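So the sequence shown is numbered by our numbering: it starts at -10 and just counts up by one.
All C-beta atoms in this analysis are idealised placements derived from N, C-alpha and C, irrespective of residue type, glycine included.
Note that the structure is a prediction, hence the values are computed from the model and not measured.
Below: the structure, in structure tokens.
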Amino acid sequence: MDSRSFVRRNVRPLTGIEPEELLLALAIEVLEKADREHPADRVLRDVLHRESHLSQAGAARVSRWVFQYYRWRGWLKNERGLLRKIRKAEELARRFEKNPFSLRAESLRAKAVPAWVFEVMQVDDAWLRALQREPLLYIRVRLGHERRLMQSLGQLRKTRLPQAYIYEGRRDLFRTREFAEGLFEIQDISSQLVSHLCAPRPGELWWDACAGEGGKTLHLADLMQGRGQVWATDTAAWRLEKLRRRAARAQIFNYQAALWDGGPQRPVEVLFDGVLVDAPCSGLGTWLRNPHARWTTRIEDVYELAQLQARLLDHVAPAVKPGGRLFYSVCTLTRPETVHVVTNFQAAHPEFEPLPFSSPWSGIPQVASPTLLLGPQDTQGNGMFIAAWRKRLEPASPAMPPSQLDRNKSSEATEAPSSHI
Ligand SMILES: C[S@@+](CC[C@H](N)C(=O)[O-])C[C@H]1O[C@@H](n2cnc3c(N)ncnc32)[C@H](O)[C@@H]1O
């Protein structure tokens, strides 16, 4: 399909005169159908797809009501019926927008997220307050197309990250000609940061081990300026199929997609300059953009996913060549999936050393660190945790068993002959 027919077939009128009752009924339909197995954003997409005659403004109103409902759900218990709850959520959102500090910290702590969250992460008020805001819409402009896109699409605001812009207009970006021509991708700024930190060089060989629909694969390949190759693997064939379509639209060819089940058998027996594990996670970092997930995610998910993340890192580790880099990223903020995964990996893999990096969010003055925890309070986008290692060129001296360490410590302290200990 060429880009013109893509745009023509998907036109929605910008504004419409849909009666409010019709739009409210659609929002209620989504709320009634959504559950853990049927995430609200997918149900919403299906309903809006079915109602393709709706204007953009009408579709946007339905979406806003659905997301506001889940964002304010903790405050709606006393309202009877979904219609009243939608109205109440709308009012709360309006009040909050005028003055975010009209909401007390105790209220946020009790109502913005489920109680189990306090067990698995350091919850601060800035995070909770950030969760109640509307997210920004970030796009990643393809290298070399910034000026053209600024002129043709417009309403773009620069950020502190190259290629990352905030779109401030009201058009449905998926239906623009510029999107169909592959000039930009809709991608959160924290996801864009991951590929920038990987900083693949033209000509290198990379492995994006959990590539999904290719958000980061395409960015890595773009940063490599078409030279070298990115292996993109995933367990889900349908996701890789989407990746292929996106790559074709963006005219990106320096990648290789393949299925990988995440097990010890790697998809190809080569050593990589860099490997990225953008692992499946509990997704707490996306709760600003995806508020329904606040109420469907469970604490068991956190612990199960932490085990999977550890396994994935173990299985990719041998594929990094000596001197090569390994990046781990998750769009979550829980301790088991962030610092615990990193500490355990480090303990089990002395052949890797932490690789400090700095980012626009590392603090002022910028301090290099091998890990970064970014929250929606930093970007008004997704939260993300990133860790990096380099594989040592020489094998590390074998780790001393803890029993031996203890013995040495006490022998220093007491100067007792080791046979006495
Ligand atoms: C966070 S998403 C990846 C997002 C993607 N990197 C992007 O930037 O668009 C995690 C991906 O891991 C995949 N996955 C789930 N279980 C896996 C496993 N056991 N091994 C490898 N990948 C897995 C999922 O299909 C999903 O696409």
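- If you draw a 10 Å sphere on the C-beta of GLN144, you find fewer than 16 other C-beta atoms in it, and that means exposed.
- Counting other Cβ atoms within 10 Å of its Cβ, ALA99 stays below 16 and is therefore classed as exposed.
- For TRP378, there is no enclosing alpha helix (DSSP H); the residue is part of the beta strand (DSSP E) that begins and ends at 373 to 380.
- When Cβ pairs closer than 8 Å are counted between the two stretches, the region 242 to 256 is seen not to touch the region 274 to 282, the count staying below three.
- Check the Cα spacing between PRO280 and each of ARG53, ASN243, CYS270: the tightest is with ARG53.
- Look at GLU174 here: in three-state DSSP terms it is strand.
- With a threshold of 16 other beta carbon atoms within 10 Å, ASN371 meets it and is buried.
- Around the beta-carbon of LYS231, fewer than 16 other beta-carbon atoms lie within 10 Å, marking it exposed.
- Spatial neighbours of GLY313 in its own chain (CB-CB distance under 8 Å, excluding positions within 5 residues in sequence) are listed in chain order as LEU260, PHE261, ASP262, GLY263, VAL264, ARG379, LYS380.
- Ligand 1 has no heavy atom closer than 6 Å to the beta-carbon of PRO307.
- As computed with DSSP, ARG129 is found in a beta bridge with ALA153, GLU174.
- Assignment of beta-bridge partners to ARG146 by DSSP yields ILE155.
- Under the DSSP assignment, ARG235 falls in the alpha helix (DSSP H) whose first and last residues are 226 to 238.
- Bridge partners of VAL309 according to DSSP: PHE261.
- Straight across, the Cα-Cα distance linking TRP220 with ALA236 is about 13 Å.
- In the displayed model, SER91 falls within a helix according to three-state DSSP.
- Per DSSP, ALA221 is one residue of the beta strand (DSSP E) stretching across 218 to 223.
- Membership of PRO365 in the alpha helix (DSSP H) is indicated by the continuous run 365 to 368.
- When DSSP reads this structure, ALA246 sits in a beta bridge with ALA221.
- If you compare the alpha carbons of ASP30, ALA49, LEU301 with that of ARG159, the shortest gap goes to ALA49.
- Assignment of VAL112 by DSSP, reduced to helix, strand and coil, places it in the coil class.
- According to the DSSP assignment, ASP211 belongs to no beta strand (DSSP E) but to the alpha helix (DSSP H) extending over 204 to 212.
- Of the heavy atoms belonging to ligand 1, none sits nearer than 6 Å to the Cβ of CYS187.
- Per DSSP, TRP196 is one residue of the beta strand (DSSP E) stretching across 194 to 197.
- Uninterrupted beta strand (DSSP E) stretches at least 3 residues long and entirely within the region 270 to 330 occur at 309 to 319, given in chain order.
- Set against 6 Å, the gap from the CB of PRO103 to the closest heavy atom of ligand 1 is not smaller.
- Judged by beta-carbon spacing, LEU302 lies beyond the 7 Å limit of CYS270, meaning their Cβ atoms are not closer than that value.
- Bounds of the alpha helix (DSSP H) holding GLU9 are 9 to 22.
- Sequence-distant Cβ neighbours of LEU142 in its own chain, meaning closer than 7 Å and more than five residues away, are THR165, GLU167.
- With contacts defined as CB atoms closer than 7 Å, GLN366 and ALA115 qualify as a contacting pair.
- Per DSSP, PHE341 is not a residue of any alpha helix (DSSP H); the beta strand (DSSP E) it occupies stretches across 341 to 343.
- Remark: C-beta atoms of GLN218 and PRO191 do not approach each other more closely than 7 Å.
- If you draw a straight line from the Cα of PRO124 to the Cα of THR327, it comes to about 23 Å.
- Listed in chain order, the non-local C-beta contacts of ILE17 below 8 Å within the same chain comprise LEU71, LEU72, ILE75, local neighbours out to five positions each way being set aside.
- Secondary structure note for LEU37: its alpha helix (DSSP H) is the uninterrupted segment 29 to 39.
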